[in-house]
Amino acid sequence: LPPTTLSLLGESPSTRAREAPFDAWLGSLREGYCAPTRDNSGDCTGGDKGSMRLSAEAAWSFRSSAAECARRCLDCERCRYISFSVGFRDCSWFHACDLEALNKP
(Lines of atoms letter the chains of each structure in order from A and count residues from 1; the text may use other names and numbers.)
(Lines give C-alpha, C1' and ligand atoms only; values in the text may rest on other atoms or scores of the structure.)
Protein backbone atom coordinates (compact mmCIF):
# COMPACT_ATOMS: atom_id res chain seq x y z
CA LEU A 1 0.00 0.00 0.00
CA PRO A 2 1.42 3.42 -0.85
CA PRO A 3 1.68 5.89 2.04
CA THR A 4 -0.67 8.83 2.12
CA THR A 5 0.13 12.35 3.26
CA LEU A 6 -3.18 13.06 4.92
CA SER A 7 -2.93 14.76 8.26
CA LEU A 8 -5.91 13.86 10.40
CA LEU A 9 -6.94 15.15 13.74
CA GLY A 10 -9.27 13.75 16.32
CA GLU A 11 -10.07 14.03 19.96
CA SER A 12 -7.94 11.49 21.75
CA PRO A 13 -9.67 8.15 22.16
CA SER A 14 -8.63 8.22 25.81
CA THR A 15 -11.78 10.18 26.56
CA ARG A 16 -13.96 8.28 24.13
CA ALA A 17 -12.64 4.71 24.40
CA ARG A 18 -15.38 3.63 26.77
CA GLU A 19 -18.11 5.30 24.71
CA ALA A 20 -17.44 4.08 21.19
CA PRO A 21 -15.35 1.42 19.46
CA PHE A 22 -12.17 2.27 17.61
CA ASP A 23 -13.86 2.14 14.19
CA ALA A 24 -16.42 4.74 15.25
CA TRP A 25 -13.59 6.96 16.49
CA LEU A 26 -11.81 6.58 13.14
CA GLY A 27 -14.98 7.76 11.40
CA SER A 28 -15.05 10.92 13.51
CA LEU A 29 -11.62 12.19 12.42
CA ARG A 30 -11.30 15.53 10.64
CA GLU A 31 -8.75 16.59 8.07
CA GLY A 32 -6.30 19.15 9.43
CA TYR A 33 -4.00 19.85 12.37
CA CYS A 34 -3.94 22.22 15.33
CA ALA A 35 -0.48 23.71 14.92
CA PRO A 36 2.93 22.85 13.50
CA THR A 37 5.16 20.64 15.66
CA ARG A 38 8.84 19.77 15.51
CA ASP A 39 10.07 16.20 15.10
CA ASN A 40 10.40 14.24 18.34
CA SER A 41 9.56 17.20 20.54
CA GLY A 42 7.28 17.97 23.45
CA ASP A 43 6.92 17.50 27.18
CA CYS A 44 4.07 15.15 28.08
CA THR A 45 3.99 16.33 31.69
CA GLY A 46 3.93 20.09 31.15
CA GLY A 47 3.89 20.94 27.45
CA ASP A 48 1.12 22.02 25.12
CA LYS A 49 2.15 20.01 22.04
CA GLY A 50 4.68 17.56 20.73
CA SER A 51 5.56 15.11 17.99
CA MET A 52 6.63 11.47 17.89
CA ARG A 53 7.89 9.59 14.85
CA LEU A 54 5.83 6.56 13.85
CA SER A 55 7.68 3.34 13.16
CA ALA A 56 7.69 2.05 9.57
CA GLU A 57 5.45 -0.79 10.72
CA ALA A 58 2.91 1.58 12.30
CA ALA A 59 2.97 3.87 9.26
CA TRP A 60 2.10 1.00 6.91
CA SER A 61 -1.59 1.90 6.86
CA PHE A 62 -4.07 4.54 7.96
CA ARG A 63 -5.54 2.23 10.60
CA SER A 64 -2.21 1.15 12.07
CA SER A 65 -0.99 4.77 12.17
CA ALA A 66 -4.16 5.85 13.96
CA ALA A 67 -3.88 3.01 16.47
CA GLU A 68 -0.22 3.66 17.25
CA CYS A 69 -0.73 7.41 17.60
CA ALA A 70 -3.73 6.85 19.88
CA ARG A 71 -1.70 4.42 22.05
CA ARG A 72 1.09 6.96 22.37
CA CYS A 73 -1.40 9.65 23.31
CA LEU A 74 -2.69 7.47 26.15
CA ASP A 75 0.87 7.38 27.54
CA CYS A 76 1.23 11.18 27.32
CA GLU A 77 -0.40 12.96 30.26
CA ARG A 78 -1.07 16.23 28.41
CA CYS A 79 -2.33 14.68 25.16
CA ARG A 80 -5.98 15.44 24.39
CA TYR A 81 -5.90 15.64 20.57
CA ILE A 82 -3.78 13.90 17.95
CA SER A 83 -2.83 14.51 14.36
CA PHE A 84 -1.06 11.83 12.37
CA SER A 85 0.38 11.48 8.91
CA VAL A 86 1.10 8.14 7.29
CA GLY A 87 3.33 9.69 4.62
CA PHE A 88 5.43 11.73 7.05
CA ARG A 89 5.35 8.99 9.73
CA ASP A 90 4.30 11.64 12.24
CA CYS A 91 2.15 11.47 15.34
CA SER A 92 1.61 14.92 16.82
CA TRP A 93 -0.24 15.59 20.07
CA PHE A 94 -1.89 18.68 21.48
CA HIS A 95 -3.30 19.63 24.86
CA ALA A 96 -5.83 22.07 23.36
CA CYS A 97 -7.17 22.57 19.86
CA ASP A 98 -9.84 24.66 18.16
CA LEU A 99 -11.50 22.04 15.97
CA GLU A 100 -13.32 24.76 14.04
CA ALA A 101 -10.04 26.39 12.97
CA LEU A 102 -7.84 23.50 11.87
CA ASN A 103 -4.86 24.10 9.59
CA LYS A 104 -5.13 22.17 6.34
CA PRO A 105 -2.24 19.95 5.19
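For the sequence shown, my numbering gives the first residue as -5, with consecutive numbering after it.
Ideal placement from N, C-alpha and C gives every residue a C-beta, glycine not left out.
| field | CA-to-CA distance, Gly81 to Cys63, given in whole angstroms | value | 14 Å
| Does DSSP put Phe56 in a helix, in a strand, or in coil? | helix
| field | Rounded separation between Ala61 and Ala90 - CA only | value | 20 Å
| task | Inspect the CB distances between the region 14 to 21 and the region 68 to 84 and report whether three or more fall short of 8 Å. | result | no
| query | Hey, out of Trp87, Trp54, Ala95, Gly40, whose CA is closest to Asp33's CA? | reply | Trp87
| Inter-residue Cα distance where the pair is Ile173 and Leu93 | There is simply no residue 173 to check, as the chain begins at -5 and stops at 99 in what is shown.
| query | Comparing alpha-carbon positions, which option in Arg74, Ala29, Ser79 lies nearest Asn97? | reply | Ala29
| query | Are the beta-carbon atoms belonging to Ser55 and Gly44 less than 7 Å from one another? | reply | no
| Which of helix, strand or coil DSSP assigns to Asp69 | coil
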